[in-house]
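J.: Before we start, here is the structure in question, set down as structure tokens.
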Amino acid sequence: MSKVITPQKEDYSKWYNDIVVEADLADHSAVRGCMVIKPSGYAIWEKMQQTLDRMFKETGHVNAYFPIFIPKSLFEAEEKNAEGFAKECAVVTHYRLKSDPMNKGKLIVDPEARLEEELIVRPTSEAIIWNTYRGWIQSYRDLPILVNQWANVVRWEMRTRLFLRTAEFLWQEGHTAHATREDAIQETEKMLDLYADFAENWLAMPVIKGIKTPNERFAGAEETYCIEALMQDGKALQAGTSHFLGQNFAKAFDVKFAAKDGKLDFVWATSWGVSTRLMGALIMSHSDDKGLVIPPKLAPTQVVIVPIYKSPEGLEKIRKSVEPLMTILRGKQLSVKFDDRDNQRPGWKFAEYELKGVPLRIAIGERDLENGTCEIARRDLLSKETVNLSDAANMIPDLLETMQNTLLAKAKERMQNMTYRCDTYDEFKRLLDEKGGFILAHWDGTAETEEKIKEETKATIRCIPLNNTLEQGQCIYSGKPSTQRVLFARAY
RNA sequence: CGGGGUAUAGCGCAGUUGGUAGCGUGCCACGUUCGGGACGUGGAGGCCGUGGGUUCGAGUCCCGCUACCCCGACCA
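Numbered by my numbering, the letters in the first sequence go through residues 1 to 492 in order.
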């Protein structure tokens with residue numbers, strides 16, 4: 001098994017740094033745990049963003065934007081939500097600084113400039129959005145509202161992990177309002193399916209769809225649906241969530257609508273989101289010892305052409321010879337880069353593009369010019385073949401598609417091989433320690449058992465898989481009867 | 001907030017019994033190279049985290065402080 005790229009593992013810091021670096025630690029210790037995403041990394045996020053955005057719009061959603069600050073009084077309106085997030089909120093208390101009379105050149109917070117009401121930096125936007133929706137909704141004719149927001153949020157975690165749990169992260173959060181319970185549940189499930197589709201077909205990352213146990217449920221939700229992925233090291237990662245919020249927020253913010261029959265009722269709600277955590281998921285799903293492997297459909301650069309030449313004239317000859325190829329590929333909406341940098345040697349470039357995960361690399365030298373050939377290298381298999389330059393234009397789109405499929409197939413196989421069924425607690429513990437991965441086991445349905453298992457093994461119930469087959473069994477911990485297996489794993 | 005560790009060049013590190021700082025890499029210049037992270041020569045770059053103390057002399061020994069990392073507690 002190839003090694004897994006784990007954020008903050010020293011071995012990988014060198015190349016991991018090429019995608020992202022953390023905030024300057026020495027000078028900005030206060031933003032420890034925040035990300036600085038370099039352009040090469042951000043380009044991947046942009047690609048995810050564009051794709052998701054298109055998918056949202058195809059399903060009738062529109063984008064909007066709401067404030068980053070939430071007045072404390074609004075934040076506390078939905079009690080469970082407030083309680084759940086209270087421990088990790090950044091709070092704005094003042095709006096002005098002034099020169100420090102005791103310390104020239106320094107600033108202090110102006111005590112005169114205290115805000116009457118503290119502002120919470122959004123850890124999630126339900127509160128401010130539902131407070132706004134109250135003014136948008138009066139009749140069933142105003143529903144549904146299918147709004148998405150691309151934003152940053154802040155959660156002051158005690159311990160952060162690059163991409164997987166950063167103090168500030170980028171995400172999208174959908175917030176929808178519906179006339180009926182059924183509509184809202186349908187929306188929740190629809191968006192979960194959309195996420196699963198995106199994970200599989202774009203990230204090439206298979207996921208298990210399921211619902212969270214009450215313990216793991218989003219604060220303020222009636223039901224939390226999730227997609228769970230399995231990383232190469234056998235640890236699970238929650239890759240996206242979709243919440244059925246019931247009427248909780250409508251009640252907290254008094255959002256009612258008049259139905260067809262004239263009766264007033266509270267609005268039904270959903271919210272759903274995925275974040276820059278998907279970058280972590282992408283990295284940990286496919287990377288190998290040579291660096292990042294990006295599925296072709298998400299790769300900012302899909303094909304790179306590296307000329308091998310000895311003189312400026314040689315370079316120009318090669319440039320001319322590949323121009324038709326580049327034109328054809330670009331005509332097929334592929335992103336192609338011709339790397340004519342003179343300050344790095346070919347071998348260096350090969351290694352660099354492998355590090356960055358560019359799916360296909362074409363090397364072409366003067367020797368090839370004579371033969372009318374070029375060398376195509378696949379990032380996923382690290383394989384190379386020499387082909388006729390004239391055939392390349394036809395082969396490349398197929399190759400990219402094959403790569404995309406191969407990556408998914410490989411990941412699927414890995415997940416399958418790392419999913420175990422087990423019926424005893426001893427076996428359960430042994431599997432966790434020796435193999436990791438997903439474990440399907442019976443659970444008595446109580447929070448106590450769930451917590452005990454977590455305490456003793458660090459494994460959590462990732463989800464109760466949707467469309468689970470029902471079967472009689474006994475809880476691995478308590479021995480009490482159970483009707484279905486749930487998905488356990490140690491998780492990030 | 002507990003337990004452990006670290007702090008020396010942009011990055012990664014070494015630095016012996018205390019004697020005034022070095023290696024790798026990266027950077028700059030020139031030349032030779034260019035089909036898997038080239039090589040040669042020359043060069044720039046460090047108040048050794050910070051404040052005290054011991055000493056003729058401290059990167060090194062002692063005390064304080066600070067910051068960061070790892071493990072835990074926490075984690076829609």
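Virtual Cβ for every residue (Gly too), placed ideally from N, Cα, C.
Compare the Cα-Cα distances from S242 to each of P295, K263, E216 and report the closest residue.
T.: Closest by alpha carbon: E216.
J.: Between which two residues does the alpha helix (DSSP H) harbouring K47 extend?
T.: That run of the alpha helix (DSSP H) goes 39-58.
J.: How long is the line joining the alpha carbons of A377 and T93, rounded to whole angstroms?
T.: Going by the C-alpha atoms only, they are around 56 Å apart.
J.: What does a CB cutoff of less than 7 Å around N388 pick up in its chain, not counting 5 residues either side in sequence?
T.: G372, T373, listed in sequence order.
J.: Helix or strand or just coil, what does DSSP make of I128?
T.: DSSP places I128 in helix when its eight states are reduced to three.
J.: How would you call N63, buried or exposed, if buried means at least 16 neighbouring beta carbons within 10 angstroms?
T.: Classification for N63: exposed.
J.: Just how far apart, CA to CA, sit D233 and E354?
T.: If you take the alpha carbons of D233 and E354, they lie about 21 Å apart.
J.: Could you tell me the distance, in whole angstroms, from the CA atom of T460 to the CA atom of K452?
T.: Straight-line Cα distance between these residues: approximately 10 Å.
J.: How would you label G357, buried or exposed, when you count the other beta carbons within 10 angstroms and need 16 or more for buried?
T.: The residue in question, G357, is buried, as its Cβ has 16 or more Cβ neighbours within 10 Å.
J.: Considering only residues of the segment 376-425, which uninterrupted alpha helix (DSSP H) runs meet the minimum length of 4 residues and lie entirely inside it, listed in chain order?
T.: As far as the segment 376-425 is concerned, its whole alpha helix (DSSP H) runs of at least 4 residues are 389-417.
J.: Following the continuous alpha helix (DSSP H) through K452, name the residue where it begins and the one where it ends.
T.: Its alpha helix (DSSP H) spans residues 447-457.
J.: Since I believe Q416 is in contact with G273 (beta carbons under 8 Å), could you give me their beta-carbon distance rounded to a whole number of angstroms?
T.: Contact doesn't hold; Cβ gap of about 28 Å is too wide.
J.: Would you report the Cα separation of A82 and P111, rounded to the nearest angstrom?
T.: Their backbone Cα atoms lie some 27 Å apart in a straight line.
J.: Just tell me which of E456, A196, S321 has its CA closest to the CA of A204.
T.: Measuring from the Cα of A204, the nearest candidate turns out to be A196.
J.: To the nearest angstrom, how far is it from the Cα of G512 to the Cα of Q404?
T.: The requested residue 512 is not part of the displayed model; the chain covers only 1 to 492.
J.: For the segment 171-220, which segments carrying the beta strand (DSSP E) assignment without a break, of at least 3 residues, lie completely within its bounds, in sequence order?
T.: Runs of the beta strand (DSSP E) inside the segment 171-220: 208-211.
J.: How big is the Cα-Cα spacing for E46 and D53?
T.: Taking the straight line joining both Cα atoms gives about 10 Å.
J.: Under 8 Å by Cβ, that's how I've got G174 and H61 pegged, so tell me the actual separation to the nearest angstrom.
T.: About 6 Å; that satisfies the 8 Å criterion.
J.: Could you please give the first and the last residue of the uninterrupted beta strand (DSSP E) stretch that includes G84?
T.: Per DSSP, G84 belongs to no beta strand (DSSP E); it is in the alpha helix (DSSP H), 79-86.
J.: Nearest by alpha-carbon distance to L400: which of V304, F66, K190 is it?
T.: Answer by Cα proximity: V304.
J.: Can you tell me whether S275 is helix, strand or coil according to DSSP?
T.: Note: S275 maps to strand in three-state DSSP.
J.: For the 8 Å Cβ check, are there 3 or more pairs between the segment 177-184 and the segment 136-144?
T.: Taking 8 Å as the limit for Cβ pairs, the verdict is that the segment 136-144 does touch the segment 177-184.
J.: Distance, Cα to Cα, P359 vs K337?
T.: One C-alpha to the other measures close to 12 Å.
J.: Label Q238 either buried or exposed according to how many other C-beta atoms from any shown protein chain fall within 10 Å of its C-beta, with 16 as the threshold for buried.
T.: Buried, since its Cβ has 16 or more Cβ neighbours within 10 Å.
J.: When you compare the segment 470-481 with the segment 421-433, are there three or more beta-carbon pairs, one atom per stretch, that lie closer than 8 Å?
T.: A contact exists between the segment 470-481 and the segment 421-433.
J.: Here's the rule: buried if 16 or more other CB atoms are within 10 angstroms of the residue's CB, otherwise exposed. What is Y309?
T.: That one is buried.
J.: Suppose the cutoff is 6 Å on Cβ atoms and the five residues either side in sequence are ignored; what does the same chain contact list for T51 look like?
T.: Cβ within range, chain order: W202.
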